[in-house]
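FYI, in the working numbering the residues of the sequence shown are 34 to 363.
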Amino acid sequence: MGIPARLSASPAVAPLPIITPFDQHLTAELGTLLPPTVSDQHWLSHALDASINTQKIALESLKSTNIGDALYRQESSRKSIEEYLDDGSIKLLDSCNEVLGKIQVIQEFVKSLKVVSHLLHQGKCEPSPITSARARNMLEETCDVMERRMSEDKNHKSRSGWSSLKKLSSRKKLAHYGSPNNQDMGELGEILKGSKDVASMVCQILGLALSSKSSKHSLITSQYKPIITSSWSRSLRELQNQVERESDHQEGEKRSPAMLSELQQTMALVGELRRKNHIGAKRQREAVEELDRSCGKLEDEIRILEKRVRDLYRHLVSIRMALLGILSQP
Numbered sequence: 034m035g036i037p038a039r040l041s042a043s044p045a046v047a048p049l050p051i052i053t054p055f056d057q058h059l060t061a062e063l064g065t066l067l068p069p070t071v072s073d074q075h076w077l078s079h080a081l082d083a084s085i086n087t088q089k090i091a092l093e094s095l096k097s098t099n100i101g102d103a104l105y106r107q108e109s110s111r112k113s114i115e116e117y118l119d120d121g122s123i124k125l126l127d128s129c130n131e132v133l134g135k136i137q138v139i140q141e142f143v144k145s146l147k148v149v150s151h152l153l154h155q156g157k158c159e160p161s162p163i164t165s166a167r168a169r170n171m172l173e174e175t176c177d178v179m180e181r182r183m184s185e186d187k188n189h190k191s192r193s194g195w196s197s198l199k200k201l202s203s204r205k206k207l208a209h210y211g212s213p214n215n216q217d218m219g220e221l222g223e224i225l226k227g228s229k230d231v232a233s234m235v236c237q238i239l240g241l242a243l244s245s246k247s248s249k250h251s252l253i254t255s256q257y258k259p260i261i262t263s264s265w266s267r268s269l270r271e272l273q274n275q276v277e278r279e280s281d282h283q284e285g286e287k288r289s290p291a292m293l294s295e296l297q298q299t300m301a302l303v304g305e306l307r308r309k310n311h312i313g314a315k316r317q318r319e320a321v322e323e324l325d326r327s328c329g330k331l332e333d334e335i336r337i338l339e340k341r342v343r344d345l346y347r348h349l350v351s352i353r354m355a356l357l358g359i360l361s362q363p
């Protein structure tokens, strides 16, 4: 007995998006970063670890036979590789170097502050007028150097900080690798895009956390409507939204958005010591002792972040070398 035609026909059902292993991994990594506390060194370290782990997965995927030699020869895959090498990879390495540059500035700043603290910290005794004058001159010079070096690239690097996150979040950027949608982008394109976007976001947040001054114009202002239907892209945007909300909340409390907490503490103590006519001798001794402790903590936190940024840089170089090797295949 035949099945009636009206019963045998079934309505067309759109297939569910394919969830790749990379999508699962990256979505899980981004989930561990919620809620964000961008001024906390532990969260920043965790964000760097998540980015490093993502680069490791990307590198393993590039070497995996699951992707296979045939995949590399697909037009969309080769285009994704070429665009990553020509644009994404170079910008990521530059971003890491910019962060390392800020780390070096802060390390030199802390080193000079410890000398100032040593000159002003004479136990219960007041430092001599000559020593006090030397310390204050050194403090002023140190702050001037810090501010100048932190802002020397500001005029010609307007894409740093959240202004870059705005471009990262744009429709054009999301569709950049491969084609306008993730179905045509392919597995390799998704891996390159996801690893790039996460590393880029983390470097931008770090750049703000290590800045001595806040920038109101650096906050995210774009409206983001992801056209990639992967879970990780939605998770990334949610993370960006929460980071923006936290920065807005801190700004309302008259705190520098996203600045590393210990750096905020150090800068506040430095500002207090520079206003020498507004504090008494007792408070100056207390501030000097607090500055010495804060410098020690900041030094430790910066060292931890530096190690992870260098590790991220090494993995980015490894991915670049792997992709160059792929393109060189006959």
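Don't be surprised by glycine CBs; every beta carbon is placed ideally from N, CA and C.
Check your understanding: Closest by CA to L302, which one among V132, S150 and E93?
Key -> On the sequence shown, position 269 is the one that residue 302 refers to. The candidate whose alpha carbon is nearest that of L302 is S150.
Review point. Going by the CB atoms, is the gap between A168 and L146 shorter than 7 Å?
Key: As a working mapping, residue 146 is identified with position 113 in the sequence shown. As a working mapping, residue 168 is identified with position 135 in the sequence shown. Cβ atoms of L146 and A168: not closer than 7 Å.
Exercise for review: To the nearest angstrom, report how far apart D56 and D82 are at their CA atoms.
Suggested key: For this step, residue 56 is matched to residue 23 along the sequence shown. For this step, residue 82 is matched to residue 49 along the sequence shown. Computed Cα separation, rounded: 17 Å.
**Study point:** C-beta contact flag for P229 and G313 at 7 Å
**Key:** What you label residue 229 is simply residue 196 of the sequence shown in a count that begins at 1. What you label residue 313 is simply residue 280 of the sequence shown in a count that begins at 1. In the sequence as displayed, the identity of residue 229 is Lys instead of Pro. Not a contact, by the Cβ cut-off of 7 Å.
**Study point:** DSSP three-state assignment for P162, whether helix, strand or coil
**Key:** Position 129 of the sequence shown holds residue 162. In the structure shown, P162 sits in a helix (DSSP, three-state: H, G or I).
Check your understanding: What residues in its chain sit with their C-beta under 7 Å from that of R353, if we drop five residues either side in the sequence?
Key -> Mapped onto the sequence shown, residue 353 falls at position 320. Excluding positions up to five away in sequence, the list reads L118 and S122.
Check your understanding: S161: buried (16+ other C-beta within 10 angstroms of its C-beta) or exposed?
Key -> The count along the sequence shown starts at 1 and reaches residue 161 at position 128. Classification for S161: exposed.
Exercise for review: Give every residue of the same chain whose Cβ lies closer than 8 Å to the Cβ of N99, excluding the five residues on either side of it in the sequence, and list them in chain order.
Suggested key: Locating residue 99 in the sequence shown gives position 66, where the first residue counts as 1. Any reading at N99 needs caution, since the residue's pLDDT is 49, under 50, leaving its predicted position unreliable; the model's value is listed next. Cβ within range, chain order: n/a, list empty.
Exercise for review: Can you have a look at C328 and say buried or exposed, based on whether 16 or more other CB atoms are within 10 angstroms of its CB?
Suggested key: Residue numbering aside, residue 328 sits at position 295 when the sequence shown is read from its first letter. Buried.
Review point. Beta-carbon separation of M171 and F142 under 7 Å?
Key: Your numbering for residue 171 matches position 138 in the sequence shown. Your numbering for residue 142 matches position 109 in the sequence shown. Not closer than 7 Å, so no.
Practice item. Would you mind stating whether A291 and V138 have Cβ atoms separated by less than 7 Å? Key: As a first step, residue 291 is located in the sequence shown; it is residue number 258 there, counting from the start. As a first step, residue 138 is located in the sequence shown; it is residue number 105 there, counting from the start. The answer is no: Cβ separation not under 7 Å.
Review point. Excluding the five sequence neighbours on either side, which residues of its own chain have a C-beta within less than 8 Å of the C-beta of H79, listed in chain order?
Key: One-based indexing of the sequence shown puts residue 79 at position 46. Closer than 8 Å at Cβ, skipping near neighbours: T65 and L66.
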